[in-house]
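Here my numbering is used: position 107 in the sequence shown is 112, and no number is missing along the way. Beta carbons: idealized from backbone N, C-alpha and C, even for Gly. A quick write-up on the structure given underneath.
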Amino acid sequence: MTPDTVQPDSIRQIITELADEEKPLVNKQLVELTDIKSDDLAFFDQMWSGLGLTRKLQLINRLIELAEDLAELNFDAIFKHRLRDSEEEIRCKAIEGLWETEDSSLIEPLIKLMQSDPSPKVRSDSALA
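What follows is the structure, given as C-alpha cells:
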C-alpha cells in the first residue's frame with residue numbers, strides 16, 4: 006500500500022473531520038470521497054444533516070470544482086443524495102454537480118424536481134439538466 010492510498014476506516018475519519026466547521030476543507034481529503042461506497046455514503050449523510058448551510062455550501066461547491074478540474078473524480082452519489090436536501094441552494098448545486106453525468110437513473114428524480122419542487126430555481130435547473 007502506498008502512503009497516498011486511504012484505508013476504508015480512514016474515509017470515515019475524513020468525513021468526521023469535514024464536519025468540523027472550524028477546519029478548512031482540504032482537497033486531498035475531499036478527493037477520497039470519489040466513488041464513495043454506500044455504507045460510507047450513509048455515514049456522510051449523517052454528518053451532512055448536522056452541518057450548517059455555510060459549511061454545506063463550502064463542501065458542495067468544492068466537490069463541484071474538483072470534479073470539473075479532475076475528470077476522473079466522481080462525486081455523483083453524494084450529489085444524488087443532495088437532490089433531496091431541504092435547502093434550495095443545495096438542491097441547485099447538486100443538479101449543477103450532476104450536469105455531465107449520463108446516469109439514466111437520474112431522469113425520474115430530475116423530472117420530479119422539475120414538476121413538484123417548491124423552488125422555481127430548482128424546477129428551472131432540473132428542467133435544463
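Given LYS61, which residues of its chain have a CB within under 8 Å of its CB, disregarding the five upstream and five downstream residues? Locating residue 61 in the sequence shown gives position 56, where the first residue counts as 1. Taking C-beta separations shorter than 8 Å and ignoring five residues to either side along the sequence, the partners of LYS61 in its chain run TRP53, ASP90, GLU92 and ILE95, following chain order.
Out of PHE48, ASP40 and SER131, which has the shortest C-alpha to C-alpha gap to TRP104? Locating residue 104 in the sequence shown gives position 99, counting from the first residue. Per the Cα distances, SER131.
Through-space distance from MET119 to ALA24, alpha-carbon basis: Taking the sequence shown and counting its residues from 1, the one referred to as residue 24 is at position 19. Taking the sequence shown and counting its residues from 1, the one referred to as residue 119 is at position 114. Inter-residue distance for ALA24 and MET119 is about 31 Å (C-alpha atoms, whole angstroms).
Here's the rule: buried if 16 or more other CB atoms are within 10 angstroms of the residue's CB, otherwise exposed. What is GLU37? Along the sequence shown, one-based indexing puts residue 37 at 32. When all chains shown are included, GLU37 counts as buried.
For ALA47, count the other beta carbons within 10 Å of its own beta carbon; 16 or more makes it buried, fewer makes it exposed. Which is it? Taking the first residue of the sequence shown as position 1, residue 47 is located at position 42. By the 10 Å Cβ count, ALA47 comes out exposed.
If you draw a straight line from the C-alpha of THR106 to the C-alpha of ALA76, how long is it? Your numbering for residue 106 matches position 101 in the sequence shown. Your numbering for residue 76 matches position 71 in the sequence shown. Distance between the alpha carbons of THR106 and ALA76: 11 Å.
In angstroms with no decimal places, state the Cα-to-Cα distance between ARG87 and THR21. On the sequence shown, position 82 is the one that residue 87 refers to. On the sequence shown, position 16 is the one that residue 21 refers to. Roughly 18 Å between the two C-alpha positions.
Of the choices LYS126, LYS85 and ILE69, whose alpha-carbon is the least far from that of ILE112? Locating residue 112 in the sequence shown gives position 107, counting from the first residue. Residue LYS85 is the option with its Cα nearest to ILE112.
Three-way DSSP call (helix, strand, coil) for ILE65 in this model: Here residue 65 corresponds to residue number 60 of the sequence shown, with the count starting at 1. Helix.
Can ILE83 and ILE41 be called in contact, C-beta distance under 8 Å? Within the sequence shown, residue 83 is the residue found at index 78, counting from 1. Within the sequence shown, residue 41 is the residue found at index 36, counting from 1. Their beta carbons are under 8 Å apart, which means ILE83 touches ILE41 by this criterion.
Out of curiosity, what's the CA-to-CA distance linking PRO123 and LYS117? Translated into the one-based positions of the sequence shown, residue 123 becomes position 118. Translated into the one-based positions of the sequence shown, residue 117 becomes position 112. Computed Cα separation, rounded: 11 Å.
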